[in-house]
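Taking it in order: structure first as structure tokens, then the write-up.
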Amino acid sequence: MTLALIPATDHDLIALARTGSEKAYRELLDRYQRPVFSLVYRMVRDRELAEDLAQETFVKVFNHLDRFDPKFKFSSWIFKIASNLAIDSLRKKEPVTVSIEGSRNAETAEQIEATQITVESRDENPEEFLEAKELGQEIERAIGALRADYRTAILLRHVEGRAYEEIAVIMGVPLGTVKTYIHRARSELRETLAHLRIET
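Numbering (my numbering), first residue to last: 132 to 331.
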């Protein structure tokens, strides 16, 4: 069987992988390796740790494909496993600072892009760009100081662009809890950044 003959849907690939198809495993890995690494990297801000956690994610996923419930999206399930591992790791460490310019541990342009938080300026004026950059640095410090659950919810919502319902699935908590996390995170950010008079 050639790779081109492998069905395109995640659910079909999972069915094939459950029968022992190495090509199906490889295709799932190819599809989700970068997004999983990107999510974990944004959360832990450490390249080597993110690589380890991403690898651990796929080990867990492939060892427990029989537990996957096809009623849900595969992407939500794999991101849930990845975010849980990242949260566990964050809880064991001191809060780290995120950077709008990408992690200091990033070694390639792709890794830098994966860990950037963009603060856009509509003007090319250098003074305004500098102000936006300084604003971004304040925001990054504030996000870095959030507890792990709050930071995860904020990153999934405002950096990854995930819907509240999907965040609930990914984080393995009720929808109301997600809304609480995001509300409290925004409140903390608003308080921390009050001197800048920023609406978060």
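Beta carbons are placed, not taken as given, at the ideal position from N, Cα and C, and that holds for glycine.
With fewer than 16 neighbouring CB atoms inside 10 Å of its own CB, residue 306 falls in the exposed class.
Nearest to residue 204 by C-alpha distance, out of 146, 324, 167, 141, is 141.
Under the three-state reduction of DSSP output, residue 202 falls in the coil class, being neither helix nor strand. In this structure, residue 148 and residue 139 do not form a Cβ contact; the two beta carbons are roughly 14 Å apart against a cut-off of 8 Å.
For residue 315, the three-state secondary structure derived from DSSP is helix.
The distance from the Cβ of residue 287 to that of residue 278 is about 15 Å, inconsistent with a contact at the 8 Å cut-off.
Along the segment 279 to 305, the beta strand (DSSP E) does not occur as any fully enclosed run of 3 or more residues. Note on geometry: alpha-carbon atoms of residue 209 and residue 152 lie some 19 Å from one another. Judged by DSSP secondary structure, residue 188 falls within the alpha helix (DSSP H) whose first and last residues are 178 to 194. Here DSSP, grouped into helix, strand and coil, assigns residue 140 to coil. For residue 303 against residue 215, the beta-carbon gap comes to about 7 Å, under 8 Å, which counts as contact. In this structure, the alpha-carbon of residue 197 lies about 51 Å from that of residue 326. Of the candidates 312, 297, 299, 312 places its Cα closest to the Cα of residue 274. With contacts defined by Cβ atoms closer than 8 Å, residue 270 and residue 316 do not form a contacting pair. The beta carbon of residue 212 sits closer than 7 Å to the beta carbons of 188, 191, 192 from its chain, once the five residues preceding and following it are set aside; these are given in chain order. Annotation for residue 201: 142 place their beta carbon closer than 6 Å to its own, counting only its chain and skipping 5 residues before and after. A straight line joining the alpha-carbon of residue 310 with that of residue 217 spans about 20 Å.
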